[in-house]
Amino acid sequence: MRTTAHLLAVVAAAALVLTGCGGRATTHHKPGTSHQEATGDSGTLLAARDESGHRLRELPAADAPTVRAEIRPDSEGGWNVHLTVERFQFTPESTGGAALPGRGHARLLVDGRETTRLYGPWGYVPPGAHTLTVRLHADDHTVWTVAGAPVQATVRLDATPATSTGSSAPSSSAPPSSTPSASAPSASAPSSPWTTDPGRTVTLTLTGTTVEPPPSRIELKKGERLTLRVTSDRADTLHVHGYDRELPLSPGVPATLTLTADRTGLFEVETHESGLVLTQLVVR
Numbered sequence: 315m316r317t318t319a320h321l322l323a324v325v326a327a328a329a330l331v332l333t334g335c336g337g338r339a340t341t342h343h344k345p346g347t348s349h350q351e352a353t354g355d356s357g358t359l360l361a362a363r364d365e366s367g368h369r370l371r372e373l374p375a376a377d378a379p380t381v382r383a384e385i386r387p388d389s390e391g392g393w394n395v396h397l398t399v400e401r402f403q404f405t406p407e408s409t410g411g412a413a414l415p416g417r418g419h420a421r422l423l424v425d426g427r428e429t430t431r432l433y434g435p436w437g438y439v440p441p442g443a444h445t446l447t448v449r450l451h452a453d454d455h456t457v458w459t460v461a462g463a464p465v466q467a468t469v470r471l472d473a474t475p476a477t478s479t480g481s482s483a484p485s486s487s488a489p490p491s492s493t494p495s496a497s498a499p500s501a502s503a504p505s506s507p508w509t510t511d512p513g514r515t516v517t518l519t520l521t522g523t524t525v526e527p528p529p530s531r532i533e534l535k536k537g538e539r540l541t542l543r544v545t546s547d548r549a550d551t552l553h554v555h556g557y558d559r560e561l562p563l564s565p566g567v568p569a570t571l572t573l574t575a576d577r578t579g580l581f582e583v584e585t586h587e588s589g590l591v592l593t594q595l596v597v598r
């Protein structure tokens with residue numbers, strides 16, 4: 315009898331631990347996120363998907379975020395993008411978690427093709443693009459929508475600098491002329507004598523998790539121009555920290571990014587999807 319009572323006591327204690335009473339919580343969500351972040355849900359998940367395959371998540375217009383995109387020509391080509399959002403905050407620390415209202419990230423679609431994510435208000439679009447769409451996503455990668463339409467802003471890149479007319483319920487039937495535009499740099503503008511120096515060129519090749527040449531530090535003087543020529547075996551996005559410059563990478567296609575090292579410090583160059591550090595820039 316004593317042995318049986320002892321066995322029952324052990325079983326009861328184990329049951330208490332398994333149910334979390336007095337024991338360590340057992341969760342399956344991303345480390346560092348709260349229980350609400352792991353289990354919270356918002357809006358209505360729709361069966362429809364966007365062109366990139368992301369499910370749509372419907373919200374009432376009164377609760378939905380809004381986004382506007384302002385663009386300006388970059389002095390080295392391409393476009394700098396600045397986002398203004400309402401009822402929304404960028405939460406890179408909880409990406410991959412649950413969909414909570416007013417949280418998430420943005421994705422850039424260049425000429426209808428998804429190219430990169432933004433985890434803050436600034437981004438960059440390389441030269442040659444004609445149309446930019448900025449779309450807001452929840453942390454679980456679903457698309458915030460209102461009345462079945464993604465929360466997004468669209469800007470043309472071939473007229474005069476402007477701000478988009480993005481809203482919480484953009485109309486997919488709006489004519490192209492209703493979309494504000496941004497001007498390309500004038501071809502007749504005189505070139506500066508300081509831009510004739512091509513600067514330094516560094517060639518990098520990405521194969522799986524291998525970077526060639528192996529990651530090291532590139533020493534630069536302030537004001538020096540640097541060109542990164544990168545070839546990757548998979549689709550990804552190169553990001554230069556501190557300069558907020560990004561470069562879409564397509565499998566097997568060399569891509570080039572040129573910048574002027576006008577900020578001193580140590581800056582990492584990495585890829586978003588694979589998380590590889592390609593090199594470090596040391597600007598003195």
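In our numbering, the protein residues as written are 315 to 598. Using N, Cα and C, we set each Cβ at its ideal position, and we do this for glycine too. Bear in mind the structure is a predicted one, so any value in this text is a computation, not a measurement.
Item, Value
"Taking the alpha-carbon of ALA575 as reference, which of SER588, LEU518 and ARG559 has the nearest alpha-carbon?", "ARG559"
"Have a look at PRO464, PRO529, VAL465 and GLY513 and flag the residue whose alpha-carbon is nearest the alpha-carbon of LEU573.", "GLY513"
"In angstroms, rounded to a whole number, what distance separates the CA positions of ALA452 and THR380?", "13 angstroms"
"Exposed or buried, what is TRP436 when buried is set at 16 or more other beta-carbons lying within 10 Å of its beta-carbon?", "exposed"
"Apply the 10 Å Cβ neighbour rule to ASP550 and answer buried if 16 or more other Cβ atoms are within range, or exposed otherwise.", "buried"
"Give the C-beta separation of LEU414 and SER356 to the nearest angstrom, bearing in mind that I take them to be a contact with Cβ-Cβ under 8 angstroms.", "6 angstroms"
"Please classify GLY418 as buried or exposed, where buried requires at least 16 other C-beta atoms within 10 Å of its C-beta.", "buried"
"Just to confirm, are VAL596 and LEU534 a CB contact at a threshold of 8 angstroms?", "yes"
"Three-state secondary structure (DSSP) at PRO406?", "helix"
"Measure how close the beta-carbons of GLY416 and PHE402 come, nearest whole angstrom, since I'm counting them as under 8 angstroms.", "5 angstroms"
"Alpha carbon to alpha carbon, how far is GLU390 from ALA383? Give it in angstroms, no decimals.", "20 angstroms"
"To the nearest angstrom, how far is it from the Cα of SER348 to the Cα of PHE404?", "Below a pLDDT of 50, predicted positions are generally treated as unreliable, and SER348, at 43, falls in that range; the measurement from the model is reported next regardless. Going from the Cα of SER348 to the Cα of PHE404 covers about 17 angstroms."
"Helix or strand or just coil, what does DSSP make of THR447?", "strand"
"Assign SER530 to one of two classes, buried (16 or more other C-beta atoms within 10 Å of its C-beta) or exposed (fewer than that).", "exposed"
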